[in-house]
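>
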Amino acid sequence: MIISFEGIDGCGKSTQIALLTDELKRHNKKAVVLREPGGNNISEKIRELLLDNKNSSMRSETELLLYIASRTQLVRDEIRKMLEDNFIVILDRFADSTTAYQGYGRGLDLEIIGQLNHFATDMGKYMPDITFFLDIPVETAFSRMMSRGEEINRMESSDKDFFERVRNGFIIISENEPERVFRMDAIQSKEKVFEQLKKILKSRNII
Ligand SMILES: Nc1ncnc2c1ncn2[C@@H]1O[C@H](COP(=O)(O)OP(=O)(O)O)[C@@H](O)[C@H]1O
Ligand SMILES: [Mg+2]
Numbered sequence: 124m125i126i127s128f129e130g131i132d133g134c135g136k137s138t139q140i141a142l143l144t145d146e147l148k149r150h151n152k153k154a155v156v157l158r159e160p161g162g163n164n165i166s167e168k169i170r171e172l173l174l175d176n177k178n179s180s181m182r183s184e185t186e187l188l189l190y191i192a193s194r195t196q197l198v199r200d201e202i203r204k205m206l207e208d209n210f211i212v213i214l215d216r217f218a219d220s221t222t223a224y225q226g227y228g229r230g231l232d233l234e235i236i237g238q239l240n241h242f243a244t245d246m247g248k249y250m251p252d253i254t255f256f257l258d259i260p261v262e263t264a265f266s267r268m269m270s271r272g273e274e275i276n277r278m279e280s281s282d283k284d285f286f287e288r289v290r291n292g293f294i295i296i297s298e299n300e301p302e303r304v305f306r307m308d309a310i311q312s313k314e315k316v317f318e319q320l321k322k323i324l325k326s327r328n329i330i
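Numbers given in our numbering equal positions in the sequence shown, counted from 1, plus 123.
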């Protein structure tokens, strides 16, 4: 079982993932959280390249291929093994982020991105069973990020129009794949969002 969390920075992914891992523990389920880009040695190195503010000259195409490289390694090194050991794999970002950020955000070819994601996920074998898209307006995300008080990285320092395109991309993805991708109204309190999330997981017999 693979569960991924998607949405722009500040939408509440880490918050909901923490609530979910606690809940799964209470149900005595084995769960592991992997973040993207990253989640293993090689992918964490790629993450450093991607998020480093010094790499402002990075081409969108390079960025795309680095995300795909990171995912390719994560799928084969970690996700595959964890699933074999019957873990529930929780992903903090995954393939949909590439479609939303590099496709809708940067304007790269969606067809090519689809093929690269297909390749990275071993011909779609390791695509998530369920994806929670936490949707909030860009302004709300910005103010939440400010209150988090962490340094802004290269990806986060893009302008508002970019994040509007990315958000819109996630909305289109959720409309294209309604049986996998659940669009959550993440402007609500974290408790309310989590209640809805649990309902969906219960309806699928995951908790
Ligand atoms: N539903 C919510 N309502 C208000 N604030 C929230 C909510 N969910 C998360 N936050 C706060 O917003 C900030 C960003 O949340 P976080 O979970 O780190 O988002 P992400 O991992 O998607 O970037 C954090 O300070 C967090 O405590
Ligand atoms: Mg986070």
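In this text, a Cβ means the ideal position worked out from N, Cα and C, and glycines have one as well.
Whose C-beta lies closer than 8 Å to the C-beta of M278 among residues of the same chain, with five residues either side of it excluded?
In the sequence shown, residue 278 corresponds to position 155, counting from 1. Excluding positions up to five away in sequence, the list reads D132, L173, L174, Y224.
> Please list the terminal residues of the continuous beta strand (DSSP E) segment that includes A309.
The sequence position of residue 309 within the sequence shown is 186, counting from 1. No beta strand (DSSP E) holds A309; DSSP gives it neither H nor E.
> Can you give me the Cβ contacts of T222 inside the same chain, cut-off strictly under 8 Å, excluding the 5 residues immediately before and after it?
As a first step, residue 222 is located in the sequence shown; it is residue number 99 there, counting from the start. Once the five neighbours on either side are set aside, the close Cβ partners of T222 are L233, I236, G237, N240, G292, I296.
> Is the closest heavy atom of ligand 2 to the C-beta of S280 under 7 Å?
Position 157 of the sequence shown, counted from the first residue, corresponds to residue 280. Incorrect: S280 has no Cβ contact closer than 7 Å to ligand 2.
> How far does the beta strand (DSSP E) with A223 in it extend, from its first residue to its last?
As a working mapping, residue 223 is identified with position 100 in the sequence shown. Neither: A223 is in no beta strand (DSSP E) and is coded neither H nor E.
> Since F317 contacts Q139 with CB under 8 Å, what's their CB separation in whole angstroms?
Walking along the sequence shown from the start, residue 317 turns up at place 194. Walking along the sequence shown from the start, residue 139 turns up at place 16. At roughly 6 Å, the Cβ-Cβ gap stays under 8 Å, so F317 and Q139 are in contact.
> Below 8 Å between beta carbons: does that hold for Y227 and V289?
Your numbering for residue 227 matches position 104 in the sequence shown. Your numbering for residue 289 matches position 166 in the sequence shown. Yes, the pair counts as a contact, with Cβ atoms nearer than the cut-off.
> Count the other CB atoms, across all protein chains shown, that sit within 10 Å of the CB of S183; report buried if there are 16 or more and exposed otherwise.
As a working note, residue 183 is residue 60 in the sequence shown. Exposed is the call here.
> For the beta strand (DSSP E) containing F128, list its first residue and its last residue.
Here residue 128 refers to the residue found at position 5 of the sequence shown. Run containing F128: 125–129, per the beta strand (DSSP E) assignment.
> Please report the distance separating the alpha-carbon of F217 from that of E167.
Locating residue 217 in the sequence shown gives position 94, counting from the first residue. Locating residue 167 in the sequence shown gives position 44, counting from the first residue. Roughly 14 Å separates the two Cα atoms.
> Using a threshold of 7 Å, is the CB atom of R267 nearer than that to any non-hydrogen atom of ligand 1?
By one-based count along the sequence shown, residue 267 stands at place 144. Indeed, a heavy atom of ligand 1 lies less than 7 Å from the Cβ.
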